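Peer 1: Please find one structure pasted underneath; my questions will follow.
2 protein chains.
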Amino acid sequence: MARPTMEDVARVANVSRALVSLVMRGSPKVSAQRRTAVLEAAEKLGYSPHVMARALASRTSTVLGVMLSDLHNPFFAEVAEGLDAAARAEGFELIINSGGRSPARERRALNSLLSFRPAGLALLGPVVPSSAIESAAEESPIVLVSRSSRLSTVDTVNDDGEAGSRMAVDHLVSLGHRRIAHLDGGGGSQSALRRRGYQIAMREHGLEPEVIRSEYTDAAGAKAIKEMLAARNTVPAPTAIVAANDYNAVGAISALEEAGLRVPQDVSVIGYDNTSLASMRHVSLTTIDQPRTEMGRLAAEALLQRVREDRTEPVRKLLHPKLVTRSTTCSPLS
Amino acid sequence: MARPTMEDVARVANVSRALVSLVMRGSPKVSAQRRTAVLEAAEKLGYSPHVMARALASRTSTVLGVMLSDLHNPFFAEVAEGLDAAARAEGFELIINSGGRSPARERRALNSLLSFRPAGLALLGPVVPSSAIESAAEESPIVLVSRSSRLSTVDTVNDDGEAGSRMAVDHLVSLGHRRIAHLDGGGGSQSALRRRGYQIAMREHGLEPEVIRSEYTDAAGAKAIKEMLAARNTVPAPTAIVAANDYNAVGAISALEEAGLRVPQDVSVIGYDNTSLASMRHVSLTTIDQPRTEMGRLAAEALLQRVREDRTEPVRKLLHPKLVTRSTTCSPLS
DNA sequence: TCTATTGGTTGGAGCGCTCTAATGCTGTAG
DNA sequence: CTACAGCATTAGAGCGCTCCAACCAATAGA
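Heads up: the sequence lines are chains A and B, in that order.
Here the first sequence stands for residues 3 to 336, numbered as in my numbering.
Here the second sequence stands for residues 3 to 336, numbered as in my numbering.
Encoded structure:
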């Protein structure tokens, strides 16, 4: 288990440790002859540099910390993949961590990442209070994904949730729907924006918004629909639903079908995120797509700019969502 | 961004750096008075120890590397959570990494993790050739989850895929099914075992096994079913399907429904893994549950035993799956 | 011929920490 | 009053690396 060190390589290659270091970092000021000698020795010994020692000595880290608020949510997984690709291309390593949707666990995860003294930190959909983000920002550059912030020390990458919701409404209106309800995302990070977009679009079309409180889960979506249907006598049921996100939409669809309503013939449903879930044949959900990989790439870019000190003012990236039409929306019957 | 060091804390607390080190590591041989002085100074400065420096100096790492073969698969996410909880309880940090289901990317991910000189490595469903695992095992203790190995240097944690498949068959037979087909997982890690369990169980019940080649994805499941139905004239269609995993099952269900067959009335379908997907109301899939969190915990335990050198012989954990009955299985109609 | 210059190479200090051995300081026994 | 524990504390070396300044040819310019 004892791995060879630079010293070992130097001895075998008959050069100094400093020269090995230069070769390992790909310095141009090494003769071809020595370079191959070093590389051969390294190869022979199975040497690879010790990242931690390197970080310590160089006082610069090549580690980017990533905290996913939820390891289960495929949305974050895909943002992480975009981040990973971009970071790797620039020679950075990713260390990932999960906060389990709980502020307390997130805070611990955050500290754990910080203890690695990363070059930067990407927080995907964090739910910690912004004071925690602020204090973390004193120790490392930070980029937030799917969460906005007024802090001048952090960058943000978000999709335009307001525009996304408007697209959803526009789509339904163009199909002929008039009674369109919105299941909102409760305290979830982007829910206020999505709700606002929905409300604005409805009013623009001269329609009355109807917001139903919900959460970013399928159980909450089902519950909200059930309660809505129970009140059907007093309030006429909508012919279309703009759900908080894909998970919520799937729950809503289940509840609608259990109540004997067909989707989309009786009620159209539109989700948000375009997670892998939505594209599954069995689900085939019309939804609003966020450019997840691109968001990851932009997050990496923002971080790397700060690391290189190309920039100190905060950057606010706002990406454009787009409508993906599948099988859960159609014109209302009547 | 310059964080305080132990030296800074020592200066403020009017003690030596070594004493601060002792306090930070919770040593009992420090007077209460000095301890509080140090802790106060640390608090005041916002000090927290530098994990990398610590690892370097102590020649022991508190980092466990985790490679998920696929960040999107909720199965691995949950194993990772189990690992995380167990590791954290013992004072270890997790660094996670993804291999994106490609051997080449996995190999890189593996090297990246190794370059942190972790205390141990957990590989969840890896697809790299076992030679890569063998050489990694020379540098760090390794535990494999959802992959078996004959290497005496690595531990493994698996569910009993053979038993799981048998449960699936037994369940269907007890409902009265006789024509039960299996969609297999192709080259996926546990697919051979699941296939074998299916075949053995079928023969035990005096039934003829019918294996249809597929993959661990919903698209593959749908494709396999379509091809099967196209051949219906020659081969009578089965009344029940044992799918390779949940994703595969969901694809299969879509294809069946598109062909006008009802699930479960016309065809029962049973998945494998009991991922969050299966429990979604809209899906409500009968499936075989693997104790994912427990698997993560056992993986962490295996690693930590090796780290502490409590053990050098390999350990092979085999967990018992169990049947979860939901809405996609019932007795055949006739 | 004697400096400059350049390009390759190296020793040594030091990153923030741990760990061993040594130190000072009680308090108790001889 | 000396001796010796026993405990709390500390100096100093060293983990594997980077980086700076110094060094040493070998070549070029005067």
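Glycine is no exception: its CB is placed at the ideal position from the N, C-alpha and C atoms.
The structure presented is a predicted model; accordingly, all values stated were derived computationally and were not measured.
#1: Can you tell which of Ser256/B, Glu206/B, Glu210/B and Gln192/B has its C-alpha closest to the C-alpha of Asp220/B?
#2: Could you give the C-beta distance for Pro203/B and Val159/B, rounded to a whole number, given that I count them as a contact under 8 Å?
#3: Identify which residue in Ser133/B, Asp291/B, His322/B and Arg180/B has its Cα closest to the Cα of Pro334/B.
#4: My assumption, with CB atoms under 8 Å, is that Gly48/B sits in contact with Ile97/B. Please give the rounded CB distance.
#5: Would you call the region 49-56 of chain B and the region 75-82 of chain B in contact, with 3 or more CB pairs under 8 Å?
#6: Return the residues of the region 310-333 of chain B that lie within a Cβ-Cβ distance of less than 7 Å from chain A, sorted by chain order.
#7: When DSSP labels each residue in this structure, what does Met69/B get in the three-state scheme?
#8: Helix, strand or coil, according to DSSP, for Val145/B in the structure here?
#9: Is Val309/A helix, strand or coil when you go by DSSP?
#10: Who are the neighbours of Asp86/A on chain B, taking C-beta pairs under 8 Å?
#11: So, using beta-carbon positions, are Leu300/A and Lys319/A closer together than 7 Å?
#12: Inspect the beta-carbon positions of Val271/A and Ala251/A and report whether they are closer than 7 Å.
#13: Of the choices Ser216/A, Leu177/A and Gly178/A, whose alpha-carbon is the least far from that of Arg196/A?
#14: Run through DSSP, which three-state label would Arg318/B get?
#15: If we ignore side chains and look at the alpha-carbon of each, how far apart do Leu209/A and Ser286/B end up?
#16: Taking all protein chains shown into account, decide if Gly189/B is buried (16 or more other Cβ within 10 angstroms of its Cβ) or exposed.
#17: If you scan the region 136-189 of chain B from start to end, which runs of the beta strand (DSSP E) of 3 or more residues do you find wholly inside it?
#18: Name the chain B residues that come within less than 8 Å of His74/A, Cβ to Cβ?
#19: In the DSSP output, what is Asp291/A paired with across the bridge?
#20: From this set, Ser29/B, Thr7/B, Ser23/B and Glu42/B, which residue's C-alpha is nearest Ala15/B's C-alpha?
#21: Using a 10 Å radius around the Cβ and a threshold of 16 neighbouring Cβ atoms, would you call Arg345/A buried or exposed?
#22: Does the count of Cβ pairs from the region 98-112 of chain A and the region 126-134 of chain A closer than 8 Å reach three?
#23: Sorted by chain position, which residues of the same chain lie with C-beta nearer than 7 Å to Ser71/A's C-beta, five sequence neighbours on each side aside?
#24: Taking 7 Å as the threshold (beta carbon to beta carbon), is Leu263/A in contact with chain B?
#25: Just to check my reading of the structure: Ala224/B and Gly253/B have Cβ atoms closer than 8 Å, yes? What is that Cβ distance to the nearest angstrom?
#26: Beta carbon of Gly273/A, beta carbon of Thr289/A: below 7 Å?
#27: If the cut-off is 7 Å on Cβ atoms, which residues from the region 205-234 of chain A count as contacting chain B, listed in chain order?
#28: According to DSSP, is Ser270/A part of a helix, a strand, or is it coil?
#29: Just the chain B side, please: which residues come within less than 9 Å of Pro51/A by C-beta, in chain order?
#30: Here's the rule I'm using: 16 or more other beta-carbon atoms within 10 Å means buried, otherwise exposed. How should Pro238/B be labelled?
#31: Going straight from the alpha carbon of Arg36/B to that of Val17/B, what length do you get?
#32: Is the beta carbon of Val364/A less than 7 Å from the beta carbon of Val25/A?
#33: Going along chain B, which residues have a C-beta under 7 Å from Ala55/A?
#34: Asp312/B: buried (16+ other C-beta within 10 angstroms of its C-beta) or exposed?
#35: Closer than 7 Å between beta carbons: that is the criterion. Which residues of the region 237-254 of chain B meet it against chain A?
#36: So which residues of chain A does Glu95/B contact, with C-beta pairs closer than 7 Å?
Peer 2: Reading from the atomic positions:
#1: Ser256/B
#2: Reading off the sequence shown, one finds Ala at residue 203/B, where the question assumed Pro. Contact doesn't hold; Cβ gap of about 24 Å is too wide.
#3: Arg180/B
#4: About 23 Å separates the two Cβ atoms, so there is no contact after all.
#5: no
#6: none
#7: strand
#8: strand
#9: helix
#10: Ser100
#11: yes
#12: yes
#13: Ser216/A
#14: strand
#15: 36 Å
#16: exposed
#17: 144-147, 156-161 and 182-185
#18: Pro76, Ala79, Glu80 and Ser278
#19: Asp275/A and Lys324/A
#20: Glu42/B
#21: This structure cannot settle anything about residue 345/A, because the visible part of chain A is limited to 3 through 336.
#22: yes
#23: Phe78, Gly101, Arg103, Glu108, Leu126, Gly127, Pro128 and Val129
#24: no
#25: 4 Å
#26: yes
#27: Asp220 and Ala224
#28: strand
#29: Ser117
#30: exposed
#31: 8 Å
#32: No answer is possible for residue 364/A: it lies beyond the span of chain A, which begins at 3 and ends at 336.
#33: Leu58
#34: exposed
#35: Val252 and Gly253
#36: Ser114
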